[in-house]
Every structure is written in structure tokens, then in C-alpha cells.
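Student:
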Amino acid sequence: MEHLESGLGFLIAFLKFLLEAIAVFCILLGILKTGQLVYRSKFNRNKTCFTEIRLEFGMWLVLALEFQLGADIVATSLSSTFDSLGKLGIVALIRTFLNYFLTKELESQENVKEK
């Protein structure tokens, strides 16, 4: 039984690491894609507006936050104390609120852009 628990612990730790790595990759990709937009807007006649650049990067941040939240959820299964579980819960709550408000901001910017 102890062998099974350590194997499961390794699997959970690996999955948490993988989700966090994907989140970092999303942020890096977002920086590159947004950088491309900024670079192209410098040489284009019809300038890409600041709102469009913000929307592009914001979408990547929302995606990264989703993966971070997934990593937090996976990590809760490893938590053995109420203290660590509470800290993890607070971090997950903060990320959820950030994600919610960032999504709302992106939706309102998208609506403004369409008008």
C-alpha cells in the first residue's frame, strides 16, 4: 500500500509540474504573439490599436491562469495538513478571481472593438 501511495504522489507531483510548465509556455507564447502584433503595427499603414494588443495578451494570460488553477487543484490531493490546504485554497481563490475579472475585461474590450 505504501508503494502505491508513493507512486501516486509522484504522478500527482509530475502532473502539477506539467500543468505549471504549460502555463509558463502559454505566457511565453503570448509574449511572442503579442510582440509580433506590436512589431507589425509599427510597419503597417493601418495601425493595430492598443486594445487589440491587450486583448491578444489577455487571452494568453487567461489560458495560463486556467492551467495554473488546474495545477492548484491537482496539488490539493497531495496536501496533508489543513494549513497547507488552506494556503492552497487561498491561492486558487485569488487565481479564480483574477481569471474571472480578466475574462470580463476581455469581453468588454471585445465588445468595444466590435462597435
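Everything in the sequence shown is counted per my numbering, starting at 1086 for the first residue and increasing by one. Just so you know, even glycine gets a beta-carbon here, dropped at the ideal spot from N, CA and C.
Check each candidate in S1126, T1136, G1115 and A1160 and name the one with the smallest Cα separation from N1196.
Tutor: Position 111 of the sequence shown, counted from the first residue, corresponds to residue 1196. Checking every option, the nearest Cα to that of N1196 belongs to T1136.
Student: To the nearest angstrom, how far is it from the Cα of F1142 to the Cα of A1149?
Tutor: For this step, residue 1142 is matched to residue 57 along the sequence shown. For this step, residue 1149 is matched to residue 64 along the sequence shown. Each residue's alpha carbon lies about 11 Å from the other.
Student: Only counting the same chain, and skipping five residues up and downstream in sequence, which positions put a Cβ closer than 6 Å to that of A1108?
Tutor: As a working mapping, residue 1108 is identified with position 23 in the sequence shown. A1149, F1152 and Q1153, listed in sequence order.
Student: Quick one: grab the DSSP three-state call for T1166.
Tutor: Numbered from 1 along the sequence shown, position 81 holds the residue referred to as residue 1166. Reduced to three states, the DSSP call for T1166 is coil.
Student: Three-state secondary structure (DSSP) at E1134?
Tutor: To locate residue 1134, count along the sequence shown from 1; it is residue 49. The displayed chain sequence assigns Cys, not Glu, to residue 1134. Note: C1134 maps to coil in three-state DSSP.
Student: Pick helix, strand or coil for N1196, following the three-state DSSP scheme.
Tutor: Taking the first residue of the sequence shown as position 1, residue 1196 is located at position 111. In the structure shown, N1196 sits in a helix (DSSP, three-state: H, G or I).
Student: With 16 other CB atoms within 10 Å as the buried threshold, where does T1119 fall?
Tutor: Position 34 of the sequence shown holds residue 1119. T1119 is buried by the Cβ-count criterion.
Student: Of the choices I1112, L1178, L1140 and V1123, whose alpha-carbon is the least far from that of S1193?
Tutor: Here residue 1193 refers to the residue found at position 108 of the sequence shown. Nearest C-alpha to S1193: L1140.
Student: Inspect the beta-carbon positions of L1104 and G1155 and report whether they are closer than 7 Å.
Tutor: Taking the first residue of the sequence shown as 1, we reach residue 1104 at position 19. Taking the first residue of the sequence shown as 1, we reach residue 1155 at position 70. Going by C-beta atoms, L1104 is nearer than 7 Å to G1155.
Student: N1129 by DSSP, collapsed to three states: which one?
Tutor: Stepping through the sequence shown from its first residue, residue 1129 is reached at position 44. In the structure shown, N1129 sits in coil (DSSP, three-state: anything other than H, G, I, E or B).
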